[in-house]
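Asker:
Residue numbers (our numbering), protein chains in the order written: chain A, 121 to 320; chain B, 121 to 320.
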């Protein structure tokens with residue numbers, strides 16, 4: 121057993137809870153912080169407190185925001201007729217960075233994974249259906265979920281319900297990512313890229 | 121450019137300063153924290169503040185401690201005649217965990233690496249020499265530094281000075297670590313293990 125002064129071991133325990141961080145990495149972080157100016161530690165502690173106090177969930181799209189409603193939901197320039205369903209709040213900024221989407225968003229908060237307890241009641245599927253019933257402007261739903269087993273399951277689950285209701289549903293195209301070599305592409309991706317080939 | 125609410129991007133910036141943490145990992149940490157109960161964030165912020173306020177450097181061995189002097193330096197049971205010189209404060213707890221050392225310590229605060237600005241004035245070589253001159257009880261100095269280029273340079277530098285002063289100086293044994301296979305051992309380590317072989 122390695123023993124450290126209590127303030128050190130307490131922070132090691134707190135950092136160890138972060139994803140992918142074990143006690144050794146956490147200890148490395150703490151010893152790094154101990155060598156920094158005290159103002160840096162205060163800045164980090166303050167940032168944590170502010171995060172805790174100031175971050176809310178948007179009441180429209182459920183993304184993290186500083187106010188009751190996020191800048192995208194209050195932006196009257198955005199297209200109200202398309203709704204992009206994403207897994208997590210961070211996916212919104214990734215899609216926004218492409219500059220190719222001008223519609224609104226809805227954060228599901230996860231993908232279906234019953235073994236891990238992610239059932240349709242836990243993620244925001246009900247909220248999505250309610251939103252679609254209340255807002256008649258919406259003509260298309262983009263299910264921008266990752267093409268993993270759980271993402272695909274969720275796409276299948278939601279698209280089935282929406283198609284019964286005559287709603288236009290789309291998903292992100294599958295194909296070769298920029299910079300990929302055909303040699304290392306998997307069969308499913310390459311097959312999708314072939315069948316969705318584009319005329320030049 | 122991906123944009124996030126300011127409290128999020130501030131904490132991402134703070135976490136990005138940690139060793140081995142880039143903006144993507146930092147963002148992953150922040151989004152993980154956002155999903156945790158607010159009490160966990162408060163605990164982490166508090167641990168950071170307490171670390172900042174309560175951790176001092178021991179005035180004898182320069183390790184991190186809550187008081188002016190560390191528990192090892194005030195322990196009268198410890199052997200005053202051996203001094204173990206380590207690179208960092210954390211190395212003390214690693215050596216203590218072996219249970220095979222009962223002497224005192226001195227934290228150098230680094231190894232000699234002039235390119236990175238680690239000259240003999242920056243690390244605590246002067247403090248080591250002063251301690252050895254003031255405390256006549258010390259009969260042996262163990263240079264427990266890592267067998268890297270910089271560790272070896274530091275060992276050479278200090279041992280030369282100490283040998284001129286008729287001080288017994290030792291270093292950690294080099295050899296095969298437990299669990300190693302001879303197949304993958306490097307020549308230097310295997311050579312050391314051969315020349316320092318032990319009779320069974």
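By construction, the Cβ of each residue, glycine as well, lies at the ideal position given by its N, Cα and C atoms.
Have a look at residue 246 of chain A and residue 222 of chain A and give me their C-alpha separation to the nearest angstrom.
Answerer: Computed Cα separation, rounded: 24 angstroms.
Asker: Any heavy atom of the ligand FMN inside 8 angstroms of the beta-carbon of residue 231 of chain A?
Answerer: You won't find the ligand FMN in this model; it holds no ligand whatsoever.
Asker: Which class does residue 323 of chain B belong to by DSSP, given the choice of helix, strand or coil?
Answerer: The question about residue 323 of chain B has no answer here: the residues shown for chain B are numbered 121 through 320.
Asker: Which residues in the same chain as residue 229 of chain A place their Cβ atom closer than 7 angstroms to its Cβ, once the five residues preceding and following it in sequence are excluded?
Answerer: For residue 229 of chain A, where only same-chain residues beyond five positions count, the Cβ hits under 7 angstroms are 182, 243, 244.
Asker: Shortest alpha-carbon distance to residue 278 of chain B belongs to which of B:241, B:312, B:171?
Answerer: Taking only the C-alpha atoms, the option nearest residue 278 of chain B is B:241.
Asker: Which residues, taken in chain order from the region 226–260 of chain A, show a beta carbon closer than 8 angstroms to some beta carbon of chain B?
Answerer: Flagged: no residues at all.
Asker: Assess, as a yes-or-no matter, whether the region 127–134 of chain A is touched by the region 279–294 of chain A under the definition of 3 or more beta carbon pairs within less than 8 angstroms.
Answerer: No, the region 279–294 of chain A is not in contact with the region 127–134 of chain A.
Asker: For chain B, check one thing: does any of its Cβ atoms lie closer than 9 angstroms to the Cβ of residue 156 of chain A?
Answerer: Chain B, which has a Cβ nearer than 9 angstroms to the Cβ of residue 156 of chain A, makes this yes.
Asker: Using the C-alpha atoms, what's the distance from residue 154 of chain B back to residue 169 of chain A?
Answerer: Going from the Cα of residue 169 of chain A to the Cα of residue 154 of chain B covers about 12 angstroms.
Asker: Kindly indicate which three-state DSSP category residue 260 of chain A falls into: helix, strand or coil?
Answerer: The answer is strand: DSSP assigns residue 260 of chain A an E or B state.
Asker: Could you give the first and the last residue of the continuous alpha helix (DSSP H) run that contains residue 204 of chain A?
Answerer: Residue 204 of chain A -> not in any alpha helix (DSSP H); beta strand (DSSP E) instead, spanning 202–206.
Asker: Would you kindly report the start and end of the unbroken alpha helix (DSSP H) that includes residue 226 of chain B?
Answerer: Here residue 226 of chain B belongs to no alpha helix (DSSP H); instead the beta strand (DSSP E) covers 223–227.
Asker: Are any of the Cβ atoms in chain B nearer than 9 angstroms to that of residue 172 of chain A?
Answerer: Cβ-Cβ to chain B under 9 angstroms: yes for residue 172 of chain A.
Asker: According to DSSP, simplified to helix, strand and coil, what is residue 308 of chain B?
Answerer: It is helical.
Asker: Quick one: give me the first and last residue of the alpha helix (DSSP H) that residue 132 of chain B is part of.
Answerer: Note, residue 132 of chain B: alpha helix (DSSP H), 126–136.
Asker: So which of B:138, B:152, B:139, B:142 has the shortest CA-CA distance to residue 139 of chain A?
Answerer: When only C-alpha atoms are compared, the closest one is B:152.
Asker: Relative to the alpha-carbon of residue 286 of chain A, which residue among A:311, A:303, A:256 has its alpha-carbon at the smallest distance?
Answerer: Measuring from the Cα of residue 286 of chain A, the nearest candidate turns out to be A:256.
Asker: Is it the case that the region 207–220 of chain A contacts the region 257–268 of chain A, given that we only count it when at least three CB pairs across the two stretches are under 8 angstroms?
Answerer: Touching, yes.
Asker: Using a Cβ-Cβ cut-off of 7 angstroms (strictly less than) and excluding sequence neighbours within five positions of residue 161 of chain B, which residues of its own chain qualify?
Answerer: So the qualifying residues of the chain are 153.
Asker: As a quick exercise: from B:123, B:249, B:302, pick the residue whose alpha carbon is nearest that of residue 184 of chain A.
Answerer: If we check each option's Cα against that of residue 184 of chain A, B:123 comes out closest.
Asker: For residue 152 of chain A, which residues in chain B fall below 9 angstroms Cβ to Cβ?
Answerer: 137, 138, 139, listed in chain order.
Asker: Are the beta-carbon atoms belonging to residue 203 of chain A and residue 225 of chain A less than 9 angstroms from one another?
Answerer: Taking 9 angstroms as the Cβ cut-off, residue 203 of chain A and residue 225 of chain A qualify as a contacting pair.
Asker: So, are the CB atoms of residue 175 of chain A and residue 127 of chain B less than 9 angstroms apart?
Answerer: In this structure, residue 127 of chain B lies closer than 9 angstroms to residue 175 of chain A by Cβ.
Asker: Give me the Cα-Cα distance between residue 308 of chain B and residue 231 of chain B, rounded to the nearest whole angstrom.
Answerer: Whole-angstrom Cα-Cα distance: 21 angstroms.
Asker: Return helix, strand or coil for residue 291 of chain A, following the three-state DSSP convention.
Answerer: Reduced to three states, the DSSP call for residue 291 of chain A is strand.
Asker: For residue 299 of chain A and residue 306 of chain A, I'd like the C-alpha separation in whole angstroms.
Answerer: Approximately 15 angstroms, taken between the alpha carbons.
Asker: Taking 9 angstroms as the CB-CB limit, is residue 128 of chain B close to chain A?
Answerer: By this cut-off, residue 128 of chain B is an interface position.
Asker: Quick check on DSSP: helix, strand or coil for residue 218 of chain B?
Answerer: DSSP places residue 218 of chain B in helix when its eight states are reduced to three.
Asker: Can you give me the Cβ contacts of residue 135 of chain A inside the same chain, cut-off strictly under 8 angstroms, excluding the 5 residues immediately before and after it?
Answerer: 141, 145, 146, 149, 150, listed in sequence order.
Asker: Taking the C-alpha atoms as reference points, what is the distance between residue 194 of chain B and residue 218 of chain B?
Answerer: Spanning the two alpha carbons is a distance of roughly 20 angstroms.
Asker: Residue 125 of chain B touches chain A at which residues, Cβ-Cβ below 7 angstroms?
Answerer: Result: 175, 184, 185, 186.
Asker: Buried or exposed, going by whether 16 or more other CB atoms sit within 10 Å of the CB of residue 171 of chain B?
Answerer: Answer is buried; the Cβ neighbour count reaches 16.
Asker: With the cut-off set at 9 angstroms, would you say residue 186 of chain A and residue 125 of chain B are in Cβ contact?
Answerer: Yes, they are a contact pair.
Asker: In whole angstroms, what separates the C-alpha of residue 201 of chain B from that of residue 262 of chain B?
Answerer: One C-alpha to the other measures close to 11 angstroms.
Asker: Measuring CB to CB, does residue 295 of chain A end up less than 9 angstroms from residue 284 of chain A?
Answerer: No.
Asker: Just mark residue 314 of chain B as buried or exposed, buried being the case when its beta carbon has 16 or more other beta carbons within 10 Å.
Answerer: Residue 314 of chain B should be labelled exposed.
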